[in-house]
Amino acid sequence: MRRFFLSLAICMMALTFSVNSVAADNFSWRGATVYFLVTDRFANGETSNDVNYGRKVDYGSEQMNAATFHGGDLKGILQKAREGYFTQMGIDVLWMTDVYEQLHGWIAGSGKINDFPHYGYHGYYPLDYTQMDKNYGTIEEMRELVNTLHAQGIRVMLGANLNDPGCPTYLDAVQCGYADAFGMNEKQAVEHRRDLDYIKWYGECANWKDWWTRQWIRMNDEGWDQTDPLTMSLYDLPDVKTEKTESVKIPNFLKKKWKREGKSNDAWVNPSARKLRKDHKWAPSDYMVA
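Residues -23 to -1, 1 to 267 (mature numbering (1 follows the signal peptide of the UniProt record, and there is no 0)) are what the sequence shown spells out, left to right.
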């Protein structure tokens, strides 16, 4: 965990600089004005990308829709930047929530209560670190946004939730084939079901061979101290064994996903991440910060 936070800080700071930046040479992080925004909730600049991957955004009520995707995207942020929204506030840094591909399905809102479907709109439920989430925009749109902000003297800081992959969901299990989801198909798996025991289903993940295995994450049957912040699974999120030094292989479901997608997602795939889509002789933390 300590190594993770250090690496994360370095990665996020590195992302704030570009050859196109015209920010003042006397910039200092000490005292800098940082504006934080949730990418999905800030501004919707392109309604055609509001629904992707078989997700559902309307469950019929404000409470049920509280944690669905609401349409915010890079084009919406870019539009506000061009209007002078950020320069008029006088900010030095724009901090955006994670923009890589999130879980397609939902997890149980309020934990065991499961009173609403909770999607990864906030960027904390990663599925695939190598590409943008289609709800947010393409790689080129990201470049345009960053260059525009840099030209205004504003640095860009990206969220990076690297310590845990997203929880399993019924929809992702069906689409990626890593577990049986009560025999449901994609259309059924996206609906909110309170009659199914999600917590119990999630508890069986140690038996799933194609998901994140115990080589990668801590399993409940391993007896980890859940009061220790270095080994606990925070909010039941699958915790990566960042202290592990032995090499591991990329989970099978990701390899199958990339093969299935082929070149269809090229507009969203980070070009610098293509070389990471294969097994390396790396420990889990090395993959996560690569």
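All C-beta atoms in this analysis are idealised placements derived from N, C-alpha and C, irrespective of residue type, glycine included.
The straight-line gap separating the alpha-carbon atoms of K232 and D198 is approximately 26 Å.
Counting along the chain, Y179 sits inside the alpha helix (DSSP H) bounded by residues 175 to 179.
Per DSSP, the unbroken alpha helix (DSSP H) holding D149 starts and ends at 147 to 153. Cβ contact annotation for G48 (same chain, cutoff 6 Å, sequence separation greater than five): N21, D27, in chain order.
Sequence-distant Cβ neighbours of W235 in its own chain, meaning closer than 7 Å and more than five residues away, are R254. If you draw a 10 Å sphere on the C-beta of T10, you find fewer than 16 other C-beta atoms in it, and that means exposed. A contact between stretches requires three or more CB pairs, one per stretch, nearer than 8 Å, and the stretch 52 to 71 meets this requirement with the stretch 108 to 123. I131 and V225 have their C-alpha atoms some 39 Å from each other. Taking one beta carbon from each stretch, the stretch 83 to 98 and the stretch 149 to 161 have fewer than 3 pairs nearer than 8 Å; the two do not touch.
Counted as a single uninterrupted DSSP element, the stretch harbouring Y62 is not any beta strand (DSSP E) but the alpha helix (DSSP H) occupying residues 62 to 66. If you draw a straight line from the Cα of D35 to the Cα of M41, it comes to about 8 Å.
Q108 places its beta carbon less than 8 Å from that of W245.
For W201, the closest alpha carbon among the candidates T146, E181, V217 is that of V217.
Residue state for E78 is assigned as strand, using DSSP reduced to three classes. Bounds of the beta strand (DSSP E) holding V11 are 11 to 14. Per the C-alpha coordinates, the member of T16, C182, E238, W83 positioned closest to T74 is T16. Rounded to whole angstroms, the gap between the alpha carbons of Q203 and M209 is 4 Å. For L126, the uninterrupted alpha helix (DSSP H) segment begins and ends at 116 to 128. Distance from P228 to Y179 at the Cβ level is roughly 16 Å; contact not present, criterion being Cβ atoms closer than 8 Å. For D35, no beta strand (DSSP E) encloses it, and the DSSP letter there is neither H nor E.
Taking all protein chains in view, the Cβ of R32 is crowded by 16 or more other Cβ atoms within 10 Å, so the residue is classified as buried.
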